[in-house]
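Heads up: the protein sequence lines correspond to chains X and W, in order.
Residues in the first sequence are numbered from 1 upward in steps of one, following this note's numbering.
Residues in the second sequence are numbered from 1001 upward in steps of one, following this note's numbering.
All residues carry an ideal CB built from backbone N, CA and C; glycine is no exception.
All values reported here derive from a predicted model rather than from experimental measurement.
Below: the structure, in C-alpha cells.
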Amino acid sequence: MNVVLAKTDTGRALSDSFALARARLPGAGKVADLRRQAFDAYERAGLPHRRIEDWKYTDLRVLMREVLPLAAAPDRAALTRADAALKLHAIKSVRRLVLVDGVFAPKLSDTADLENGLGIRTLREVLEGGDAALQAQLFTPDNSDSMVALNSAMVTDGLVIEVADGAVLTQPLHIVHIASGGTPAAMFTRSLLRLGKAAGATLVESYIATEGAKAYQVHDSLVISIGDDARLHHVRLIEDGREAFNISSAVVTLGAHAHFNTFGMTSGASVSRYQAVVVFAGKGSRVETNGVNLLNGRQHADTTLFLDHAVPNCASREIFRAVVDDRGHSVFQGRIIVRPGAQKTDAKMMTRALLLSDEAEADNKPELEIFADDVTCGHGATTGALDESLLFYLRARGLSETEAQALLIQAFVGEAIESIVNDDLRELAIAAAQRWLAARG
Amino acid sequence: MPLLEVRNLQVRVEEREILHGLSLVVNKGEVHAIMGPNGSGKSTLSHVIAGKPGYEVTGGEILFEGEDLLAMSPEERSAKGVFLAFQYPVEIPGVTTMTFLRTALNAQRKARGQTEFLVPDFLRKVRKVADSLNIPMDMLKRGVNVGFSGGEKKRNEILQMALFEPSLCILDEMDSGLDIDALRVAADGVNALRSPDRAVVVITHYQRLLNYIVPDFVHVMSKGRVVKSGGKELALELEASGYARFDDAA
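So, in C-alpha cells, the structure goes:
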C-alpha cells in the first residue's frame, strides 16, 4: 500500500504539529509512551480512505484531506463567545460541563455540590495524576483505527466521571463541546464515564459552535463502562457549524443485567462520523441504540455501530433514520456479531432513509455475523422518497407543501426519537429536529 | 354566482382522456349526487377539483365562486373552502390525529387571514364534533387513520369536514366499505352540515347512500360526461334499470 506517498505533506505537517504540541499534552511516563505508540500507528496508516472497509463510504483523504493544527487554549474572548453560544443551547436542570476548543472551562461549568457518589475530574488531572488504573482504562480504545489512534496521541482534555456503586443520579450530566471558531484548528478530547454496580445516570453530549465559526475539527472519544445492574441513558446532538468536521468514537462495555439507551442526532457539521463499539460483557443486558441524520447542502454524516454480543441472553435494538436533502450523504453501517455461546441473543436492526432530492444519497450497510444457533436476529433497510399520496392528503387539508413535508419528516424520524427514555431529552431532540426543519424553510 | 361551475372539462391521465367535456353547476345550499358505473370518471372529477397531481386538464375550466380553481394549489383550494372526503383516506403513522387536525385547521385559518385557534378552544370544538360522530377522543391520539377500521376512517373524514366548515363538500364513495350502521352515522354527520351556505356533492356508485343523504339533484356520468341530470327520483330509476342504457347514450 502506497501510504508513504499518500500522506507525505499532511503527514509531515502533523508530525511537526505533534512535536510542537507535545509540551501541551498532559501526562508523562507511561502516558507519553502510549501517545507515542498511538501517533506511530496513526503515521503508519494515515487518514482512513475508501479502501479500508470500515471507512468505505467516508474517505477522509478526500473529504478532510488534512488534520488541522491543535487549537490554542481558549482566551478570555473565546470564553465570552462560548458563553453566548451556550445560552442558545441551554438545557434546563442539567449539570453542565463545558469544553471550549477542547479544553475544560471551569467557569462555564457546574461542578459544585456534586450528588453523593458522583466524582468529576478533568482528563488533564487524571493523566497528570497517578491513577494508573484509570489511565489504563482511558487508553482502552486500541490503535487499529487510525482516527482513534490520532485521538489517543493528541488528546488534551475531557471529563472523567465516576458514579459509585448504587448511586443513581437525578440530574442529567451535559457535556458541551464548543468551538469558539476564531482560527481553523483541531480539538482532541476524550471523556470517560464509569458507572458502578446498580448505578444510574443520564448523559447528554452536545457539539456546537459560536456564531459564524470557521472550519474546525472535533476529534472526540468516549469510554463508557456500565456496571452490573446499572443503567445509562445517553443522547448525542451534533449541531456543529456547517464547515466543521466531527470525528467521534465510543467504546461502551456493559456488565450483567445492565441497560444502555442511546440516541444520536446529527444535523450539523460538514462531515461527521460517529463510530461506536458496544460490548456485552455480562449476561442479561439490553441496549437500544438509535439515531437520526438530518442532512442537506453537501453534508456528509456517517454512523458506524458495532454491537458485540459476546455473552448469552442479551438484547439489542437499533433504529436508524436518515433524512437527506440536496446533495447530502448519509451513511449507516451496523454490524452485529453474535459470538459462539452467546445463546438467546435477541438482536434487531432497522434502518430507513428518506431522500428528499434526486442527488441525495444514503448508504445502509447492515452486517450480521452469527456464530450461535439459538438466537433471534434480524435487520431491515429501506430507502425512499416522501409518499406523494400522503403529501396530497395533507395539502388537501390546507397544509403548504413545506408544512406537509415537515410533518411527514417529523413522523419519519419520530420512531427513533420516541425511543429516548428521558422526557426532557426527548423534547430536546424534537426541538433540534424542528430547528432543522425550520431552517429548511 | 354559482359556488362551483365546471365548464366543458377535459382531463387526461398520461395519454388517456378520462373526462371528455364535463359540465356541472352547483349552488350554495344544494346537495348533488353524481352517480355512474366504475370507470365513468367520477373520482377523476373529485380529484381534479381538489387539485391532486397527475391529472392534465386539456380543456375547459373550473370556477369556484367565480375564481379559476385550476390555478390554485391544493392548499389554496382548501383554504377557500373546498373539501374532499377521500374514498381511501391515507394512514400517516407518527402524526397523531390531534396534531394533524390542529395543524390543518390553523393552516387554513392563517391562509384566510384569521387568527389561529388556541388549544383549549380547539379541544372544545373537536370534542363536540367527535361526540356527535361517536368518535372516542382516544382514537384521535393515535396516528392519523393508523389501525382504523374502514368505518372509522370515513368518520374521521366527516370529523374533519365538520371541523373545517368548508363551503363545498365532496364525498367520494363515502359508502364504500361501510356497514349500514356506520353508513347511518356518517350520513347523519353529513346531514348535520347541510346549510344554505354550503353545498354537498355526493359521489356514489349505489343508490343506497342517497336514502340517507337525500339529494336535490342527481347526475348520471358515463364515459367521462354527464349524460343525464334530474331530481332525486333519477336515482331510483337507476336502481331499477341499471347504468347500461346510459352507456348507450354516452
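(Q) Taking 9 Å as the threshold (beta carbon to beta carbon), is tyrosine 393 (chain X) in contact with chain W? (A) At least one CB atom of chain W sits nearer than 9 Å to the CB of tyrosine 393 (chain X).
Q.
Against chain W, with Cβ distances strictly below 9 Å, would phenylalanine 39 (chain X) count as a contact?
A. Answer no: the Cβ-Cβ gap between phenylalanine 39 (chain X) and chain W never drops below 9 Å.
Q. Looking at the unbroken alpha helix (DSSP H) that takes in arginine 1077 (chain W), where does it start and where does it end?
A. Start and end: 1074-1080.
Q. Does the separation of the CB atoms of valine 271 (chain X) and asparagine 293 (chain X) fall below 9 Å?
A. For the pair valine 271 (chain X) and asparagine 293 (chain X), the CB atoms are not nearer than the 9 Å cut-off.
Q: Kindly indicate which three-state DSSP category threonine 170 (chain X) falls into: helix, strand or coil?
A: Note: threonine 170 (chain X) maps to coil in three-state DSSP.
(Q) Just to confirm the assignment, what range does the alpha helix (DSSP H) spanning phenylalanine 392 (chain X) have? (A) Looking at the DSSP string, the run of the alpha helix (DSSP H) that includes phenylalanine 392 (chain X) is 388-396.
Q. Can you find a C-beta in chain X that's less than 9 Å from the C-beta of proline 1136 (chain W)?
A. Look at proline 1136 (chain W): its C-beta is not under 9 Å from any C-beta on chain X.
Q. Can you name the start and end residues of the alpha helix (DSSP H) that methionine 1221 (chain W) belongs to?
A. Not the alpha helix (DSSP H): methionine 1221 (chain W) falls in the beta strand (DSSP E), residues 1217-1222.
Q) Which residues in the same chain have their Cβ closer than 6 Å to the Cβ of arginine 286 (chain X), if we skip the five residues on either side of it in sequence? A) Listed in chain order, the non-local C-beta contacts of arginine 286 (chain X) below 6 Å within the same chain comprise His259 and Ala315, local neighbours out to five positions each way being set aside.
**Q.** DSSP bridge partner residues for glycine 1230 (chain W) (one or two, in chain order)
**A.** Per DSSP, W:Val1218.
Q | Proximal residues of chain X, C-beta to C-beta of threonine 1044 (chain W) below 7 Å | A | Those do not exist, as threonine 1044 (chain W) stays about 14 Å from chain X at its closest Cβ, beyond 7 Å.
Q: Please list the partners that serine 389 (chain X) has in chain W, where partner means a Cβ-to-Cβ separation under 8 Å.
A: Within chain W, the residues near serine 389 (chain X) are Val1090.
Q: Starting from the N-terminal side, write out each stretch of the beta strand (DSSP E) that is 3 residues or longer and does not extend beyond the region 50-136 of chain X.
A: Counting whole runs of 3 or more residues, the region 50-136 of chain X contains the beta strand (DSSP E) stretches 95-100 and 118-122.
Q. Does any C-beta atom of chain W lie closer than 9 Å to the C-beta of glycine 497 (chain X)?
A. One cannot answer for residue 497 (chain X) here, as it falls past the ends of chain X, which runs 1 to 441.
Q: May I have the straight-line CA-CA distance separating valine 1214 (chain W) from alanine 416 (chain X), to the nearest angstrom?
A: Going by the C-alpha atoms only, they are around 48 Å apart.
Q) Helix or strand or just coil, what does DSSP make of leucine 428 (chain X)? A) Taken through DSSP and simplified to helix, strand or coil, leucine 428 (chain X) comes out as helix.
(Q) Suppose contacts are defined by Cβ-Cβ distances below 9 Å. Is serine 1204 (chain W) in contact with aspartate 1179 (chain W) by that definition? (A) At residue 1204 (chain W) the sequence reads threonine, which differs from the serine that was named. Threonine 1204 (chain W) places its beta carbon 9 Å or farther from that of aspartate 1179 (chain W).
Q: Taking C-beta pairs closer than 9 Å, name the residues in chain X that valine 1126 (chain W) reaches, listed in chain order.
A: Listed along the chain, the chain X residues whose CB falls inside 9 Å of the CB of valine 1126 (chain W) amount to none; the nearest CB is some 14 Å away.
**Q.** Exposure label - serine 1043 (chain W); buried when at least 16 CB within 10 Å
**A.** Buried, since its Cβ has 16 or more Cβ neighbours within 10 Å.
Q.
Here's the rule I'm using: 16 or more other beta-carbon atoms within 10 Å means buried, otherwise exposed. How should asparagine 246 (chain X) be labelled?
A. Result: buried.
Q) Alpha carbon to alpha carbon, what distance is there between arginine 426 (chain X) and arginine 1198 (chain W)? A) Roughly 44 Å between the two C-alpha positions.
Q) How about alanine 1107 (chain W) and glutamate 401 (chain X): do their beta carbons lie closer than 9 Å? A) For the pair alanine 1107 (chain W) and glutamate 401 (chain X), the CB atoms are not nearer than the 9 Å cut-off.
Q) Would glutamate 427 (chain X) count as contacting chain W if we go by Cβ distances under 9 Å? A) Answer no: the Cβ-Cβ gap between glutamate 427 (chain X) and chain W never drops below 9 Å.
Q.
List, in chain order, every chain X residue whose beta-carbon is nearer than 9 Å to that of serine 1073 (chain W).
A. Per Cβ cutoff of 9 Å: Arg395, Ser400 and Glu401.
Q: Run the CB neighbour count on serine 206 (chain X), radius 10 Å, all protein chains shown included, and call it buried at 16 or more, exposed below.
A: Classification of serine 206 (chain X): buried, given that the 10 Å Cβ count is 16 or more.
Q | Interface flag, leucine 354 (chain X) vs chain W, CB-CB below 9 Å | A | Answer no: the Cβ-Cβ gap between leucine 354 (chain X) and chain W never drops below 9 Å.
(Q) What does the alpha-carbon distance come out to for the pair aspartate 1140 (chain W) and threonine 351 (chain X)? (A) First, the residue type needs correcting, since residue 1140 (chain W) is leucine and not aspartate in the sequence shown. Roughly 28 Å between the two C-alpha positions.
Q: Have a look at W:Val1185, W:Asp1216, W:Gly1143 and W:Val1129 and flag the residue whose alpha-carbon is nearest the alpha-carbon of phenylalanine 1164 (chain W).
A: Nearest option by C-alpha distance: W:Val1129.
Q) With a cut-off of 9 Å, does the C-beta of glycine 1143 (chain W) fall near any C-beta of chain X? A) Yes, its Cβ sits closer than 9 Å to a Cβ of chain X.
(Q) Could you check whether the Cβ of alanine 431 (chain X) sits closer than 9 Å to any Cβ belonging to chain W? (A) Not one chain W Cβ lies under 9 Å of alanine 431 (chain X).
Q) Which residues in chain X sit within 7 Å of leucine 1084 (chain W), going by Cβ to Cβ distance? A) Here the neighbours are Ala396.
Q.
Run through chain X and tell me which residues come within less than 7 Å of serine 1167 (chain W), C-beta to C-beta.
A. Taking a Cβ-Cβ cut-off of 7 Å, serine 1167 (chain W) has no neighbours in chain X, whose nearest Cβ is about 14 Å from it.
Q. Using 9 Å as the limit for Cβ to Cβ distance, is alanine 414 (chain X) near chain W?
A. Correcting the residue type first, residue 414 (chain X) is glycine in the shown sequence and not alanine. It does; some Cβ of chain W falls within 9 Å.
**Q.** Cross-chain neighbours of glutamine 1108 (chain W) in chain X, by beta carbon under 7 Å
**A.** Per Cβ cutoff of 7 Å: Gly398.
Q.
Rounded to whole angstroms, what is the Cα-Cα separation between valine 204 (chain X) and asparagine 1134 (chain W)?
A. Between valine 204 (chain X) and asparagine 1134 (chain W), the alpha-carbon positions lie close to 44 Å from each other.
Q. Name the DSSP beta bridge partners of serine 191 (chain X), please?
A. Paired residues: X:Leu222.
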